[in-house]
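Trainee: If you read the protein sequences in the order shown, they are chains F and D. So the first sequence is residues 3 to 707, counted in the working numbering. So the second sequence is residues 891 to 1294, counted in the working numbering. Think of the CB as a built atom: it goes at the ideal place given N, C-alpha and C, for glycine as much as any other residue.
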Amino acid sequence: MVEITIDGKKINVSEDQCVLEGALTNGIYIPHLCHHKDLPENGSCRMCIVSVDGSNEVTPSCKLMPKEGMVINTKSEKIDKLRFLALDLLLAGHPEDCSTCPKYGNCELQTLIQYMGGASNRMRRRSKGFKENKENPLIEHDMNRCVLCGRCVRACKNLREVNVLDYKKEDMETYIGTLHDKLLKDEGCRFCGACAEVCPTGTIRDKLMIANPDKKKEDVVLPCKAACPVHTDIPKYIRFAKAGDFDGATAVIREKIPFPTSLGYICTHVCELSCKRKELNDSMSIRNIKRYVSEHSTGKYWKEGGKQLPDTGKKVCIVGAGPAGMTAALYLRKQGHDVTVKEALSNAGGMLRYGIPKYRLPREVIDEEVKFITDKGVKLETGSKVEKPIELKNDYDAVLMAIGTHKGVRLPLEGNDLKGVLINTDFLRNVSEGKETNMGERVVVLGGGNVAFDCARSAVRLGAKKVSLACLEAREVMTADDEEIKEAQEEGIEVFPAKTFEKITGEGNVTGVDFMNVLSFEFDENRRAIITKEPNSEMHIDCDTVIFATGQRSDISPEAGLKIGRANSIDTDFETLKTSEDGIFAAGDTIYGTKSVIEAVASGRKAASLIDIYLGGDGDITEKLAPEEPEITSIGHIDGFGDLERKEPKIKSANERKDNFDKFDFGLCDSDVCGESTRCLQCDLRLNISSPRLWDEYSTKEVEV
Amino acid sequence: MFTENMDTEKMLSLIESADIYEYGVFKESFTAKLNEYKNSGKAKTIIAAIDNVDTDEMLLEVLYKNSKEVICGMKAVANILSISEMVIYLPEGKDDLVKIVENAAKELNTEILIKTGIVDVREYREAFITHVETMTAVNDVLEGKKADKALIQIKEVFGDDTKLSEIKELEYGKAISDIFDTSKVSIKAVEIGYKLYDKSILQQPVTKETVLGTGVITLYDKSCCMVHISKDLSLKMREHSCGKCTFCREGFIQLDMRHGEIVSKKGELDSIGIMKDIGKAMNFSCECSVGTYGANDIVDILDKFENEYISHIKKKDCPEGVCKAFTNIYIDPDKCIGCTKCIKACPIDCIEGKEGYIHMIEDMDCTKCEECIKVCPQNAVVITKKRTPSIPNRLTRVGRFKQY
Ligand SMILES: Cc1cc2nc3c(=O)[nH]c(=O)nc-3n(C[C@H](O)[C@H](O)[C@H](O)COP(=O)(O)OP(=O)(O)OC[C@H]3O[C@@H](n4cnc5c(N)ncnc54)[C@H](O)[C@@H]3O)c2cc1C
Ligand code: SF4
Ligand code: SF4
Ligand code: SF4
Ligand code: SF4
Ligand code: SF4
Ligand code: SF4
């Protein structure tokens, strides 16, 4: 550190940083444009000129290294004059009107102009006449607004070492372009967004930022993490995966999720739906990477250790051993509480075990992940159905209801109580437990969601001769994944979208179902379904078994003593997770209806934190398991990066899989996991780039009008 | 060539006692520069090139003739500074020279990176950048020869013509007029190293401290329009600038645009002051010699020949008659025989006429390319700074036009 004086003010600055950065760090603003903290100096804009030790000479402060006792002036008649000249020259080729610029109100150049009190009109102005380039994914260029500060080039070259951008010159006009004037994708761009991040003007722009002006920057820049209900640090674990450190990768996931392998098999992967990579070709195979790393982790970093606060002496009872309940149990235990989980069924896991069929999620996976939680000291009582939760308050300081939605909905339909009519939840539970299902040979499943397909595909595996599935929704809006529908059809299941269920035929036993075609299907403002049927479109399917897969609700009645809300949910405040009864909280499907395992985990985490606070803790359930990553700035050039194809999992053929409950999806193979991980844009790295501080954020601001 | 096994102390002391100066625009003691880099120890690369600003490229002669000497000089400096990377920058499009340098490097078993274009001073912030001519001087000194001369060429510029002399070696202590006959030109100004002098400079002895710049000494004849010269210089540098520095890029654009206005009769008086401001500021506001030296001669012209600017702007007159916008063109109705040759020659079709009729030039559109003058068998097309006499205003048969 050395002491220097700037405009009469003594400050201490580091000898390794230029005077400009030293001043900025100390809250003294010196106008600048091409300087950026994270980039090598360019010395081109000459806005940051100062004079030293009373000399009349000016020198750019970005290239001036501080020395003990240096006396610096940032203002003088000469400096002001030159600075104005610099600004005037800078703007000679820049559009005069800001109001149509996407960067308006958010632009470093614009505030610099404001700081300077506007530009003069003594320069000959010209319009550069470049065409806006919106052909690239994620990033757009409008070289008419470029002031050639060169930040983008330095970001791409020096910071990221990708080397895609450079100064180019055509018809005596300099511009920033790709090395060979090709599209970014064809030049090996890694779409890291560093160029857009550092650009002080509206020239290089992030399309998503422009499209989402109201969202938080972090959520737009890193959408996968924002979309994940528990905000897993996805790019971080993908980097570990790429380096072959599957323990490190799993530890990152384990910081948020106690069911990484299960989720690796069956997560609804909302992260992938918003992954930025899909703008280039296909989204990252995030779920399969998760599955791979957690299946290949030895437990280093996360199995031992982790957080464990000393015992508090407080007792918590959790009702329901599904993902919501078990997650809350684990984190409450880590906060030092004495946790007991009461589960009605004979085993823990909730819908992971009693809903999702074995062929999609092998049971050993659940066993292992549940065991980790009980090993941490959570007490599990199975076969223990809680009828009167209020009474638990006598023995426990807090209670969490995480009872899921275990009661299938039987639609009010003629014939709905005939022999041969089954309900999704019961059917799947029986299948999972290896019990008699009472299914016949020809099965019709009513419903078009993933649960319906689980029913239909389980029926095929149980040996049904013919399985059909019908639903109200048109094919494009069916809620089941496309993948799921495709695989079901491969297994011989006939799918009938856009059908109304008229009645179940038969006397005593089911003989079939009558349908009609749906012309349109909408919801009115009161969320009531409005269905228009196509006249004379009656259709009948013969069958001996009908399975209702038209939703499921919580298996609870007002007798339990808690207020019941919409669709038989436990009435709960979504912010506090409190039920109508003090000390009794609720989380997971039972408060919002069947969603997903990861939502249940998120809800369980939230419950743990809130209950911890209720019991006197600080509610901070975060923990650090993964090793620190070194700071990453360089990512290097990869030829054809934008075209790297998504690696698909290995899947058994329909014939091999349709007569058994064995797993059929083997995930990514060893040779693919690194390649798939390489595809990630590492969107998070952009958030490490220093954001510009605009002049009005400095203490020494002076309004010059 | 000097022996590679010479130890660096010996080399340094030989260079020191010869007291070489850098060639080109950056005149400084080479010994001092070398010691400075030796003490800081930061340089990892040595770069030899002609000056970025040098568009004459005469000094490439050094590489054409003495590539090996240049490389040996670089190796010596590299040894002294413990540098491993050696780079030679060549102007764009010199494929033959690339071959020559490559071969020389191969023969000397030396790895040299050849880059083209102007030296990227930003990429090579810490490199030891030197002139190719200086490197031959270093080599000479290490070989026991003297480094006491510079390459010189004379460029004579007339109203619309230039002439280049042969390249000669000038021994320090002698004057330019000692080796070149400069008496034939009636000199208006002399330019050496981007500065303007009067002709007495030619008689003064040149020393190793003299800034010779590109080595090309430009003599501007009395017939030159200095505004026009300045316009050409601005355009050349506008094209040459790499565009990274605001002052160099935008400065030359402004100089070019303003000069363009002045030579096309649209000049404004305040341009003179603004151009001086810009040109003077460029000198200390750019990162390489293109910006720092490239406008110096333009500023000198603005200062020394302000009266010519004022003529153009205020009197609407180009005193030397070079700027075409200030001249009038017409076809003398008494001389024209109506042969239509000029119509066919005019590239922009601004001549009206037909066989046997007196031809007329639409002088609003005429670019004064003078193609018609070249083809007219009667010398009937006239370019003049005077006013156009009365000429037909509609098609008139040859011989029928009467002047009143
Ligand atoms: C067939 C099917 C397939 C699905 N597929 C997927 C999928 O592929 N991916 C995905 O992300 N999500 C899927 N889901 C949804 C997901 O399984 C649930 O959203 C998630 O399991 C909800 O977790 P939970 O802990 O809230 O409830 P649950 O998992 O339902 O757990 C509740 C637990 O509470 C127990 N319980 C209930 N009442 C009592 C009581 N009174 N006393 C004691 N214990 C009680 C239940 O037995 C159960 O074990 C699927 C759901 C179903 C039904
Ligand atoms: S880049 Fe900034 S200064 Fe330029 S038009 Fe856009 S908002 Fe205005
Ligand atoms: S690699 Fe990154 S910095 Fe370079 S052009 Fe692509 S997005 Fe911009
Ligand atoms: S595109 Fe932006 S960052 Fe790049 S040179 Fe232009 S203004 Fe600077
Ligand atoms: S590319 Fe990587 S970091 Fe970016 S959204 Fe997709 S998974 Fe997340
Ligand atoms: S002075 Fe001109 S040529 Fe030199 S680096 Fe700057 S812009 Fe480029
Ligand atoms: S000077 Fe050129 S443009 Fe003008 S009339 Fe003659 S040929 Fe045509």
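Closest Cβ-Cβ distance between V705 (chain F) and chain D: below 7 angstroms?
Mentor: Because the pLDDT of V705 (chain F) is 40, which lies under 50, any placement of that residue in the model is unreliable, and the question is left without a value.
Trainee: I need the straight-line Cα distance from R147 (chain F) to G204 (chain F), nearest angstrom please.
Mentor: Distance between the alpha carbons of R147 (chain F) and G204 (chain F): 6 angstroms.
Trainee: By the three-class DSSP mapping on this structure, what secondary structure does D1190 (chain D) have?
Mentor: Looking at D1190 (chain D) - three-state DSSP - the assignment turns out to be helix.
Trainee: What residues are listed by DSSP as bridge partners for R555 (chain F)?
Mentor: Its beta-bridge partners are F:K409.
Trainee: Taking buried to mean at least 16 other C-beta atoms within 10 Å of its own C-beta, is I716 (chain F) buried or exposed?
Mentor: The shown model of chain F, from 3 to 707, leaves out residue 716 (chain F), and the question about it has no answer.
Trainee: Which of the residues in the stretch 1167–1183 of chain D, read from start to end, lie with their CB under 9 angstroms from any CB of chain F?
Mentor: The residues in question are D1167, I1168, A1171, F1174, S1175, C1176, E1177.
Trainee: Name, going along the chain, the residues of the stretch 615–636 of chain F whose beta-carbon falls closer than 7 angstroms to a beta-carbon of chain D.
Mentor: Under the 7 angstroms Cβ criterion, the stretch 615–636 of chain F contributes no residue.
Trainee: Closer than 6 angstroms: is that where the CB of E947 (chain D) sits relative to any heavy atom of ligand 6?
Mentor: Outside the cutoff, so no.
Trainee: Are there 16 or more other CB atoms within 10 angstroms of the CB of N993 (chain D), so buried, or fewer, so exposed?
Mentor: Burial call: exposed.
Trainee: Rounded to whole angstroms, what's the CA-CA distance from F920 (chain D) to G931 (chain D)? Just pull it up for me.
Mentor: Whole-angstrom Cα-Cα distance: 16 angstroms.
Trainee: Quick check on DSSP: helix, strand or coil for I936 (chain D)?
Mentor: In the structure shown, I936 (chain D) sits in a strand (DSSP, three-state: E or B).
Trainee: Does the separation of the CB atoms of F374 (chain F) and S299 (chain F) fall below 7 angstroms?
Mentor: No.
Trainee: Less than 6 angstroms between C-beta atoms, sequence neighbours within five positions excluded: which residues of the same chain meet that for V1272 (chain D)?
Mentor: Closer than 6 angstroms at the Cβ level, and outside the excluded window around V1272 (chain D), lie Y1220, D1222.
Trainee: Can you tell me whether V479 (chain F) is buried or exposed, with buried defined as 16 or more other CB within 10 angstroms of its CB?
Mentor: Under this definition V479 (chain F) is an exposed residue.
Trainee: With 7 angstroms set as the bound, which would you pick, yes or no: does the beta-carbon of C1135 (chain D) sit closer than that to a beta-carbon of chain F?
Mentor: It does; some Cβ of chain F falls within 7 angstroms.
Trainee: Span of the beta strand (DSSP E) holding R335 (chain F)?
Mentor: Per DSSP, R335 (chain F) belongs to no beta strand (DSSP E); it is in the alpha helix (DSSP H), 325–336.
Trainee: Let me check understanding here. Comparing Cα to Cα, which of D:M1147, D:T1097, D:S1175, D:V988 lies closest to I1298 (chain D)?
Mentor: Residue 1298 (chain D) lies beyond the stretch modelled for chain D, which goes from 891 to 1294, so this question has no answer here.
Trainee: Give me the chain C residues within the contact set of A213 (chain F), using Cβ-Cβ distance strictly less than 9 angstroms, ordered along the chain.
Mentor: Going by chain labels, chain C is absent from the structure shown, which instead holds the protein chains F and D.
Trainee: Please report the straight-line C-alpha distance between C1138 (chain D) and E1252 (chain D), rounded to a whole angstrom.
Mentor: About 39 angstroms.
Trainee: Let me know the alpha helix (DSSP H) ranges lying completely inside the stretch 468–511 of chain F, each 4 residues or longer, listed in chain order.
Mentor: For the stretch 468–511 of chain F, whole alpha helix (DSSP H) runs of length 4 or above, ordered along the chain, are 484–492.
Trainee: Tell me, please, whether the CB atom of H1149 (chain D) is closer than 7 angstroms to any CB atom in chain F?
Mentor: No, because no Cβ of chain F sits closer than 7 angstroms to the Cβ of H1149 (chain D).
Trainee: Could you list the residues in the stretch 1152–1165 of chain D with a C-beta less than 7 angstroms from some C-beta on chain F, going in chain order?
Mentor: Those residues of the stretch 1152–1165 of chain D that come within reach of chain F (Cβ to Cβ, closer than 7 angstroms) are I1164.
Trainee: Ligand 2 and L111 (chain F): does any heavy atom of the ligand fall closer than 6 angstroms to the residue's C-beta?
Mentor: Yes, the beta carbon of L111 (chain F) sits closer than 6 angstroms to at least one heavy atom of ligand 2.
Trainee: Can you tell me whether C148 (chain F) sits near ligand 6, meaning its C-beta is under 6 angstroms from at least one heavy atom of the ligand?
Mentor: Checking the Cβ of C148 (chain F) against ligand 6 gives no.
Trainee: For T1257 (chain D), count neighbouring C-beta atoms within 10 Å of its own C-beta (all shown protein chains included) and say buried if the count is 16 or more, exposed if not.
Mentor: Exposed, since its Cβ has fewer than 16 Cβ neighbours within 10 Å.
Trainee: Would you mind reading off the limits of the alpha helix (DSSP H) that contains I1019 (chain D)?
Mentor: Run containing I1019 (chain D): none in the alpha helix (DSSP H); it sits in the beta strand (DSSP E), 1018–1021.
Trainee: Under the three-state reduction of DSSP, which class applies to T1108 (chain D): helix, strand or coil?
Mentor: If DSSP states are grouped into helix, strand and coil, T1108 (chain D) belongs with the strands.
Trainee: Between V295 (chain F) and the rest of its own chain, which residues show a CB-CB distance below 6 angstroms, the 5 nearest in sequence each way excluded?
Mentor: Excluding sequence neighbours, V295 (chain F) sits near A243, F248, A251, T252.
Trainee: For K227 (chain F), count neighbouring C-beta atoms within 10 Å of its own C-beta (all shown protein chains included) and say buried if the count is 16 or more, exposed if not.
Mentor: Buried, by the Cβ-count rule.
Trainee: For a test of the three-state rule: what should DSSP assign to A922 (chain D), helix, strand or coil?
Mentor: Reduced to three states, the DSSP call for A922 (chain D) is helix.
Trainee: How many Å lie between V991 (chain D) and Y303 (chain F) at the Cα?
Mentor: The alpha-carbon atoms of V991 (chain D) and Y303 (chain F) are separated by roughly 58 angstroms.
Trainee: Strictly under 7 angstroms for the Cβ-Cβ distance: is A94 (chain F) near chain D by that measure?
Mentor: So, interface residue.
Trainee: Between G45 (chain F) and chain D, is any beta-carbon pair separated by less than 7 angstroms?
Mentor: Chain D, which has a Cβ nearer than 7 angstroms to the Cβ of G45 (chain F), makes this yes.
Trainee: Using the Cα positions of L949 (chain D) and V1075 (chain D), report the straight-line distance between them to the nearest angstrom.
Mentor: Computed Cα separation, rounded: 24 angstroms.
Trainee: Is G385 (chain F) near ligand 1, judged by its Cβ being under 6 angstroms from some heavy atom?
Mentor: False, no ligand heavy atom lies under 6 angstroms from that Cβ.
Trainee: Using 8 angstroms as the Cβ pair cut-off and three pairs as the minimum, do the stretch 430–448 of chain F and the stretch 348–367 of chain F touch?
Mentor: Cβ pair count under 8 angstroms is three or more, so yes.
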